[in-house]
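**Q** For the sequence shown, our numbering gives the first residue as 1, with consecutive numbering after it.
Beta carbons: idealized from backbone N, C-alpha and C, even for Gly.
In this text, all values refer to a predicted model and were calculated from it rather than measured experimentally.
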Amino acid sequence: MEVEVSDLEGKLATGSDSNMPPNSLDDSLNRSLEELNLAKRELTARLRAIVSIKRQLDNAPSQSELIQYEHRFSELSAHIQLQQTRKLYATYNALLEIKDLILKETSLLNSINSQFQDAIAGPIGRMKLLESMEGIVKGRQQKLDKAQIGLQEELKI
Numbered sequence: 001m002e003v004e005v006s007d008l009e010g011k012l013a014t015g016s017d018s019n020m021p022p023n024s025l026d027d028s029l030n031r032s033l034e035e036l037n038l039a040k041r042e043l044t045a046r047l048r049a050i051v052s053i054k055r056q057l058d059n060a061p062s063q064s065e066l067i068q069y070e071h072r073f074s075e076l077s078a079h080i081q082l083q084q085t086r087k088l089y090a091t092y093n094a095l096l097e098i099k100d101l102i103l104k105e106t107s108l109l110n111s112i113n114s115q116f117q118d119a120i121a122g123p124i125g126r127m128k129l130l131e132s133m134e135g136i137v138k139g140r141q142q143k144l145d146k147a148q149i150g151l152q153e154e155l156k157i
């Protein structure tokens, strides 16, 4: 294009534009406009590609964001582990309590079994057996009430 421009300037300076057809200037101008439009399209496509890459880079987290995510995940993990540990302790305590109750019941049943024949033999033994059985029933009812209250509190929580 620069060569053509310098040729045209040279022809204009010498005054020999009369031998140049008038359509050649229009053709040259049209060709230059087409080349300019083509260059604009290429530049626009390149600019779109650059903007797309910039968006992708903006979507990728930076080093400080990654460190912040890591800290939050570790805090969340510690919190979850603490909750799980509390649940495990509660389960262990409940099972330990059940074990104690079962051992007491087993001991009571063994005691009743060993002394049942002696207790039924006389009226005083029968009264003592009845009183001890009533005491056992009252104790079990109290334990049951306490367990139901604990269950209701846990359900509320």
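Could you check how far apart the C-beta atoms of residue 109 and residue 136 are, in whole angstroms? I think they sit under 8 Å.
**A** Within the sequence shown, the letter at position 109 stands for residue 109. Within the sequence shown, the letter at position 136 stands for residue 136. At roughly 10 Å, the Cβ-Cβ gap does not stay under 8 Å, so residue 109 and residue 136 are not in contact.
**Q** In angstroms, rounded to a whole number, what distance separates the CA positions of residue 103 and residue 149?
**A** Here residue 103 refers to the residue found at position 103 of the sequence shown. Here residue 149 refers to the residue found at position 149 of the sequence shown. Going from the Cα of residue 103 to the Cα of residue 149 covers about 23 Å.
**Q** What are the boundary residues of the alpha helix (DSSP H) that residue 133 is part of?
**A** Here residue 133 refers to the residue found at position 133 of the sequence shown. That run of the alpha helix (DSSP H) goes 123 to 156.
**Q** I think residue 1 touches residue 32, with their Cβ atoms under 8 Å apart; what is that distance to the nearest whole Å?
**A** Mapped onto the sequence shown, residue 1 falls at position 1. Mapped onto the sequence shown, residue 32 falls at position 32. So it is a contact: roughly 6 Å between Cβ atoms.
**Q** Does DSSP classify residue 17 as helix, strand or coil?
**A** Here residue 17 is taken as the residue at index 17 of the sequence shown, counted from 1. Any reading at residue 17 must be qualified, since the residue scores a pLDDT of 49, below 50, and its modelled position is unreliable; the value itself is stated next. Residue state, collapsed to three classes: helix.
**Q** Alpha carbon to alpha carbon, what distance is there between residue 62 and residue 98?
**A** The residue labelled residue 98 in the question sits at position 98 within the sequence shown. The residue labelled residue 62 in the question sits at position 62 within the sequence shown. Going by the C-alpha atoms only, they are around 54 Å apart.
**Q** In chain order, what residues of the same chain lie with their CB nearer than 7 Å to the CB of residue 36, ignoring the 5 residues before and after it?
**A** For the purposes of this step, residue 36 is taken as residue 36 along the sequence shown, with counting starting at 1. Contacts found: none.
**Q** Determine the DSSP secondary structure at residue 64, reduced to helix, strand or coil.
**A** Within the sequence shown, residue 64 is the residue found at index 64, counting from 1. Looking at residue 64 - three-state DSSP - the assignment turns out to be helix.
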